[in-house]
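Numbering (our numbering), first residue to last: 303 to 419. A virtual CB, placed ideally from N, CA and C, is assigned to each residue, including glycine.
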């Protein structure tokens, strides 16, 4: 068996879709014999995990599976290896950094909480 990272993409549609387009890109770890099997398994996950619900305004919200546009083989799993990278170009660098710092602080406080439980 080999390990793969598959990008599964969903379009998020709220109501009639008259909003800024939204897409959920998920990276999934897939165990498979070869690339074809990994792609098939990622497709199945994408199909099975699309769903819809009604929000507070009673609008239909859909996570609609689009496709699996990327599939990468992980030749080996090793501590600290990069599995994903994306360059961000935020409108406000200070706000972006503040958001990252806040999220990191939340992770740290969760870690401390888990150690005390």
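Span of the alpha helix (DSSP H) holding residue i?
| i | result |
| --- | --- |
| residue 343 | 337-350 |
Expressed to the nearest angstrom, what Euclidean distance is found between the alpha-carbon atoms of residue i and residue j?
| i | j | result |
| --- | --- | --- |
| residue 377 | residue 411 | 34 Å |
| residue 363 | residue 355 | 5 Å |
| residue 348 | residue 312 | 8 Å |
| residue 359 | residue 352 | 21 Å |
| residue 371 | residue 309 | 6 Å |
| residue 395 | residue 404 | 14 Å |
| residue 330 | residue 384 | 14 Å |
| residue 382 | residue 322 | 36 Å |
| residue 400 | residue 327 | 23 Å |
| residue 335 | residue 389 | 31 Å |
| residue 402 | residue 408 | 10 Å |
If I'm right that residue i touches residue j with Cβ under 8 Å, what's the distance once you round it to whole angstroms?
| i | j | result |
| --- | --- | --- |
| residue 366 | residue 315 | 6 Å |
| residue 319 | residue 361 | Not confirmed; about 10 Å, so no contact. |
| residue 373 | residue 344 | 7 Å |
| residue 386 | residue 392 | In fact, because the Cβ distance is near 18 Å, the residues do not count as touching under 8 Å. |
From which residue to which residue does the beta strand (DSSP E) around residue i run?
| i | result |
| --- | --- |
| residue 363 | 362-376 |
| residue 358 | Where residue 358 is concerned, there is no enclosing beta strand (DSSP E), given that its DSSP letter is neither H nor E. |
| residue 307 | 304-316 |
| residue 379 | Run containing residue 379: none; DSSP gives neither H nor E here. |
State the beta-bridge partners of residue i as determined by DSSP.
| i | result |
| --- | --- |
| residue 329 | 309 |
| residue 400 | Its beta-bridge partners do not exist; DSSP assigns none. |
| residue 324 | 314 |
| residue 386 | None, per the DSSP bridge assignment. |
| residue 334 | 304 |
| residue 406 | Answer by DSSP bridge pairing: none, since residue 406 is not bridged. |
Taking contact to mean at least 3 C-beta pairs separated by less than 8 Å, is the region 333-342 in contact with the region 303-312?
yes
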